[in-house]
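As they're listed, the protein sequences go chains Y and P.
Per this note's numbering, residue 1 is the first one in the first sequence, and the count goes up by one each step.
Per this note's numbering, residue 327 is the first one in the second sequence, and the count goes up by one each step.
To start, the structure under review is shown below, and the notes come after it.
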Amino acid sequence: MLLLAKLRAARALAGAARREATADPASALLLMAAVAAVHLAPAFQFHRLGEPGRLARDGGLSALLVFGGVFAAMSAVRTVGREIESGVAAAALVRPVSRAMFLVAKTFGVVSAFARFAFALVFAAALSSVSCVVGSHMEGDDGTACVSAFCLLLGFGGEILAIAGAAFAHRFLRRGFPSTCFALIMWSQVAAFALAMLLPGHAAALGEALLWPFLLAAASVFAAVVSFACAASALSTRLKGAAAPAALAFVAAASLLMPAFVKAFPAFAALRAAIPDFGVFWLADCVSSSSPMHWSAAALPVASALAVSAFWLAAGAAMISNRDVS
Amino acid sequence: MENVISIHSLKKTFRDFWLRPTVTAVDGIDFDVGKGEVFGLLGPNGSGKSTTIKLILGLLSPTAGKIEVFGSSPRSLKVKARLGYLPELSHLHPFLTAREAIRYYAGLSGMSSADSARRAAELIEQVGLQGAADRPVGGYSKGMARRVGLAAALVAKPELLVLDEPTSGLDPIGTREVKELVRSLAKDGVTVLMTSHLLGDVADVCDRIVILAKGKVAAQGRLEDLLSRRDATSFTLPGVSQEEAAAAAELLKSRFGRDPEVSHPKISLEQFFLDTVKGGDAKATDAK
Ligand SMILES: Nc1ncnc2c1ncn2[C@@H]1O[C@H](COP(=O)(O)OP(=O)(O)O)[C@@H](O)[C@H]1O
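Here's what the structure looks like:
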């Protein structure tokens with residue numbers, strides 16, 4: 001009975017954190033920009049970079065890492081750090097909610113908002129990749145790249161339609177614009193992908209579009225960003241104002257340098273448990289037809305990201321436990 | 327009487343990022359609050375009222391001294407389950423509607439979805455938010471946000487209610503409603519601890535008060551004992567003409583040898599305002 005009550009409290013916290021993350025205009029803008037970039041970049045490419053759809057997949061993974069990383073970290077800092085400073089957190093912490101649970105549930109809410117972000121972007125990138133493959137079958141021998149006009153229309157047109165739909169819902173149904181926009185863009189990409197699969201020859205292009213290796217790489221990038229979000233939550237329990245973003249920029253820089261550093265100084269291997277490994281991003285390199293990707297290539301980064309997440313959540317719980325909340 | 331809150335030599339020194347002490351906001355205070363009491367915490371700005379309340383709620387940890395709520399540490403989840411809190415500023419997620427906000431706090435108290443829906447409907451009526459309950463609270467006036475805050479504080483049927491400036495931002499009608507609510511909760515055995523700048527409000531509802539100044543207790547006791555003038559007695563007689571009053575004063579003077587003070591008893595401005603506004607309402611209805 002008591003456990004059930006705790007689960008309900010955790011659900012309420014996580015649900016509000018998720019809604020808060022998607023209700024921010026900046027979140028909708030980030031998703032808009034990421035999805036647009038994934039569709040438009042291949043349409044303007046002049047080279048195929050060796051294999052059809054390479055730019056779409058690399059672009060999708062980078063957008064997931066960069067836009068997604070900013071989205072997740074920004075949401076975590078706001079829902080934990082800013083709420084502690086503004087007093088919103090105090091109103092939750094006077095309820096029968098432990099501080100550790102507060103932190104973990106809030107972070108979970110942010111992760112579930114980021115999962116929606118990633119869901120949208122993965123469908124967009126998969127569609128864009130298929131578009132390039134179909135385009136490559138149409139092009140001449142001069143090496144200039146083409147995309148499928150139908151896919152572009154569905155993917156990018158779907159995004160425009162989603163934004164228009166959100167404006168309509170805001171005007172006539174009094175829905176919040178950013179959160180409706182966020183949700184509609186997500187579903188527009190799923191629908192665009194599903195519709196594209198009905199077009200002749202498009203479903204058959206999935207294999208050549210390297211869907212499975214791409215999904216494995218996306219899973220590892222997702223895990224890396226989640227571990228970064230956990231670091232953001234934890235750091236913002238103590239750091240005020242601009243200090244949390246500054247510390248996160250430091251963590252991000254450290255995470256890019258860490259693989260080389262640990263290689264040079266193996267004595268510091270324990271750092272791997274604390275610093276998110278953005279090196280996994282270069283898994284995108286493995287997503288190529290010449291070197292098929294084994295699932296373990298994703299399992300390892302996922303396991304490491306789980307360890308890093310656990311480290312930061314534990315550290316965050318310790319940091320928030322004695323903090324004065326006013 | 328059973329104590330709901332007991333505070334002994336409580337001290338709180340705030341520290342900066344480098345742990346250097348900055349302000350001693352509460353400096354060795356002692357008081358107890360008994361079950362079912364309406365207890366007022368008074369003091370000028372910066373005297374440590376909010377700090378004391380946050381210590382009682384377990385949001386701040388004391389630098390020294392002891393604080394017990396329902397006989398345990400205020401950090402205990404069992405204690406927090408019996409407590410409701412209205413913060414000085416109603417901090418709400420602006421994207422939630424009033425109903426969603428109340429249900430959110432019900433969820434935090436572990437209520438099931440069905441229970442929280444029922445309780446939210448009840449409270450929306452009780453605090454008078456019908457008609458506005460499904461609008462985002464981001465667009466609410468201060469008084470309406472205050473009502474949502476009050477509903478949130480009451481959501482889990484607390485045994486101890488902590489109200490920080492409960493009437494700030496409310497119009498006289500809202501103020502009266504809050505005071506009546508506090509009195510009726512107290513009648514049902516709920517203990518209430520409140521702060522207020524508005525001394526009239528405190529005088530109307532509190533049984534006992536503490537006055538803080540610079541983090542120390544400057545005075546405490548039953549309001550009746552603190553305010554009544556033991557050295558004088560007043561009489562009220564209805565329907566007295568000016569001549570009769572003069573005669574009575576003369577009589578009292580000749581009998582006791584001291585000059586009595588003769589005046590008309592006054593109603594409070596609040597009562598006058600409420601009577602006037604109610605009268606206006608009635609006229610408007612009549613005209614229809
Ligand atoms: N979080 C804090 N950090 C540093 N000083 C604080 C903090 N909160 C309150 N103070 C200081 O403590 C003193 C008492 O404040 P407070 O308890 O808010 O007074 P009141 O509620 O009576 O107006 C003030 O001098 C205030 O500046």
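All C-beta atoms, glycine included, are put in the ideal place defined by N, C-alpha and C.
Just to confirm my understanding: we take residue i, look at its own chain, exclude 5 residues before and 5 after, and list those with CB closer than 6 Å. What are they?
i	result
Y/Gly316	Leu103, Ser233, Ala234, Thr237
P/Ala475	For clarity, residue 475 of chain P is Gly in the given sequence; the question names Ala instead. Leu412, Ser416, listed in sequence order.
P/Ala613	For P/Ala613, the predicted model reports a pLDDT of 39, less than 50, meaning its position is unreliable; a value from the coordinates is still stated below. Excluding sequence neighbours, P/Ala613 sits near nothing in its chain.
Y/Phe311	Ala273, Ala274
Y/Val225	Gly68, Gly69, Ala72
Residue i lies in the alpha helix (DSSP H); which residues open and close that run?
i	result
P/Gly433	424-434
P/Met520	Looking at the DSSP string, P/Met520 is not in any alpha helix (DSSP H); the run it does join, the beta strand (DSSP E), is 517-521.
P/Gly362	No alpha helix (DSSP H) holds P/Gly362; DSSP gives it neither H nor E.
Y/Asp58	54-76
P/Glu394	Run containing P/Glu394: none in the alpha helix (DSSP H); it sits in the beta strand (DSSP E), 390-395.
P/Asp527	525-531
P/Gly469	468-480
Y/Gly155	149-172
Y/Leu235	211-235
Y/Ile185	177-198
P/Leu302	The first residue shown for chain P is 327 and the last is 614, placing residue 302 of chain P beyond what the model contains.
P/Ile499	498-513
P/Thr378	375-382
Y/Gly15	2-22
P/Asp441	439-452
Y/Val325	That residue, Y/Val325, is in no alpha helix (DSSP H); it is neither H nor E in DSSP.
Confirm, please, whether the CB-CB distance from residue j to residue i is below 9 Å.
i	j	result
P/Gly410	P/Leu480	yes
Y/Ala120	Y/Ile185	yes
Y/Cys181	Y/Ser309	no
P/Arg472	P/Gly366	no
P/Leu381	P/Val352	yes
Y/Thr22	Y/Ala113	yes
P/Leu538	P/Gly369	yes
P/Glu394	P/Val518	no
P/Pro492	P/Ser522	yes
Y/Ala223	Y/Leu306	yes
P/Pro462	P/Phe421	yes
P/Gly469	P/Leu496	yes
P/Glu596	P/Thr501	yes
P/Ile355	P/Gly541	yes
Y/Lys228	Y/Ala73	Just to set this straight, residue 228 of chain Y is Phe in the shown sequence, not Lys. Yes, Cβ-Cβ distance for Y/Phe228 and Y/Ala73 is below 9 Å.
Y/Val97	P/Leu403	yes
P/Asp490	P/Lys375	yes
Y/Met101	Y/Ala164	no
Y/Gly81	Y/Ser326	no
Which residues in the same chain have their Cβ closer than 7 Å to the Cβ of residue i, if we skip the five residues on either side of it in sequence?
i	result
Y/Ala203	Met197
P/Asp585	Lys579
Y/Val38	Ala56, Gly59, Gly60, Ala63, Leu121, Ala124, Ala125, Ser128
P/Gln456	Ile450
P/Ala512	Gly362, Val364, Val518
P/Tyr430	Leu422
Y/Ser255	Ile275, Pro276, Asp277, Phe278
P/Asp342	Thr348
P/Val531	Val364, Lys505, Val508, Arg509
Start and end of the beta strand (DSSP E) containing residue i?
i	result
P/Asp334	Sequence inspection shows His at residue 334 of chain P; the Asp mentioned does not correspond to that position. Note, P/His334: beta strand (DSSP E), 329-341.
P/Gln546	542-548
P/Val488	486-490
Y/Gly135	It is not in any beta strand (DSSP E) - Y/Gly135 instead sits in the alpha helix (DSSP H) that spans 99-138.
Y/Ala317	From DSSP, Y/Ala317 is part of no beta strand (DSSP E) but of the alpha helix (DSSP H) over 296-321.
P/Gly457	Element bounds for P/Gly457: n/a, residue is neither H nor E.
P/Gly410	409-412
Y/Val88	Looking at the DSSP string, Y/Val88 is not in any beta strand (DSSP E); the run it does join, the alpha helix (DSSP H), is 88-93.
P/Arg534	534-539
Residues in its own chain within less than 8 Å of residue i by CB, not counting five upstream and five downstream?
i	result
Y/Gly201	Val134, His137
P/Gly526	Ser594, Glu596
Please find out if some non-hydrogen atom of ligand 3 comes closer than 8 Å to the beta-carbon of residue i.
i	result
P/Leu524	Ligands displayed in this structure: ligand 1; ligand 3 is not among them.
With 9 Å set as the bound, which would you pick, yes or no: does the beta-carbon of residue i sit closer than that to a beta-carbon of chain B?
i	result
Y/Pro96	The chain labelled as chain B is not found among the protein chains of the depicted structure, namely Y and P.
Report yes or no: do three or more beta-carbon pairs, one from the segment 202-213 of chain Y and one from the segment 108-121 of chain Y, lie closer than 8 Å?
no
Inter-stretch contact (C-beta, 8 Å, three-pair minimum) for the segment 58-71 of chain Y and the segment 156-171 of chain Y:
no
Between the segment 120-129 of chain Y and the segment 213-222 of chain Y, are three or more C-beta pairs nearer than 8 Å?
yes
So, does the segment 387-396 of chain P touch the segment 419-426 of chain P, judging by three or more C-beta pairs under 8 Å?
no
Between the segment 369-378 of chain P and the segment 432-449 of chain P, are three or more C-beta pairs nearer than 8 Å?
no
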